[in-house]
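Residue numbers (our numbering): 342 to 496.
Structure below.
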């Protein structure tokens, strides 16, 4: 049995699959989206070669070099990385081991750095405890809700 042939997904990768039934001579297939270079394309179960059998460069369409036959099945598997680090503005850590936006490499073992202004609506639910380091400003039009039973401590 042969090994895996195709792009090697990165650890914690996610994938989306689009499956199409072709019309006679169809060459272009509009996918749900992809990052160029991070996809596998199969025609009737046969892995196609990028640049030879198809082109996929605009993040949306897969274009076959030769038209598909009626009722051929084209499957596009797109890979995306899964980021463990928080979103922009999620804070960072600083300490004796350096500075990082996450703690996967052990850096930032002493201080947590927070933004000073809340720019997104946030609700602290009844079964949640939350904390922030102040002072904390809330941007115009933004709502911070602490549901009855929820707790928010600003230090």
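From the three backbone atoms N, C-alpha and C, an ideal C-beta is built for every residue, glycine too.
Three-state secondary structure (DSSP) of residue 463: Indexing the chain shown from 1 puts residue 463 at position 122. Strand, per DSSP.
Assigned secondary structure, residue 403 (DSSP; H/G/I helix, E/B strand, else coil): Stepping through the chain shown from its first residue, residue 403 is reached at position 62. Of the three classes helix, strand and coil, the one that applies to residue 403 here is strand, per DSSP.
As assigned by DSSP and simplified to three states, the class of residue 491: For this step, residue 491 is matched to residue 150 along the chain shown. Reduced to three states, the DSSP call for residue 491 is coil.
Identity of the residues DSSP links to residue 486 by a beta bridge: The count along the chain shown starts at 1 and reaches residue 486 at position 145. Paired residue(s): 464.
Proximity below 8 Å, CB of residue 491 to CB of residue 467: Walking along the chain shown from the start, residue 491 turns up at place 150. Walking along the chain shown from the start, residue 467 turns up at place 126. If you check the CB distance, residue 491 and residue 467 come in under 8 Å.
Through-space distance from residue 456 to residue 469, alpha-carbon basis: Here the question's residue 469 lines up with position 128 in the chain shown. Here the question's residue 456 lines up with position 115 in the chain shown. Rounded to the nearest angstrom, the two C-alpha atoms are 21 Å apart.
Span separating the alpha-carbon of residue 405 from that of residue 390: What you label residue 405 is simply residue 64 of the chain shown in a count that begins at 1. What you label residue 390 is simply residue 49 of the chain shown in a count that begins at 1. Near 10 Å, if we compare the C-alpha coordinates of residue 390 and residue 405.
Spatial neighbours of residue 400 in its chain, beta-carbon cut-off 8 Å, leaving aside the 5 residues before and after: Within the chain shown, the letter at position 59 stands for residue 400. Once the five neighbours on either side are set aside, the close Cβ partners of residue 400 are 374, 375, 376, 377.
Simplified DSSP assignment, three categories, for residue 412: Counting from one through the chain shown, the residue named residue 412 turns up at place 71. Residue 412 falls in the coil class under three-state DSSP.
Boundaries of the beta strand (DSSP E) in which residue 389 is found, first to last residue: Working through the chain shown from its first residue, we reach residue 389 at position 48. Run containing residue 389: none; DSSP gives neither H nor E here.
Cβ pair residue 361, residue 419 closer than 8 Å: Within the chain shown, residue 361 is the residue found at index 20, counting from 1. Within the chain shown, residue 419 is the residue found at index 78, counting from 1. Not closer than 8 Å, so no.
Span of the beta strand (DSSP E) around residue 470: In the chain shown, residue 470 corresponds to position 129, counting from 1. Per DSSP, residue 470 belongs to the beta strand (DSSP E) from 470 to 473.
For residue 410 and residue 363, believed in contact at Cβ under 8 Å, the rounded distance: The residue you call residue 363 lines up with position 22 of the chain shown. The residue you call residue 410 lines up with position 69 of the chain shown. Residue 363 to residue 410, Cβ: 7 Å. Contact.
Residues of its chain near residue 464, where Cβ-Cβ distance is below 7 Å and the 5 sequence neighbours each way are ignored: For the purposes of this step, residue 464 is taken as residue 123 along the chain shown, with counting starting at 1. Excluding residues up to 5 positions away in sequence, 486, 488 lie with their Cβ nearer than 7 Å to the Cβ of residue 464 in the same chain.
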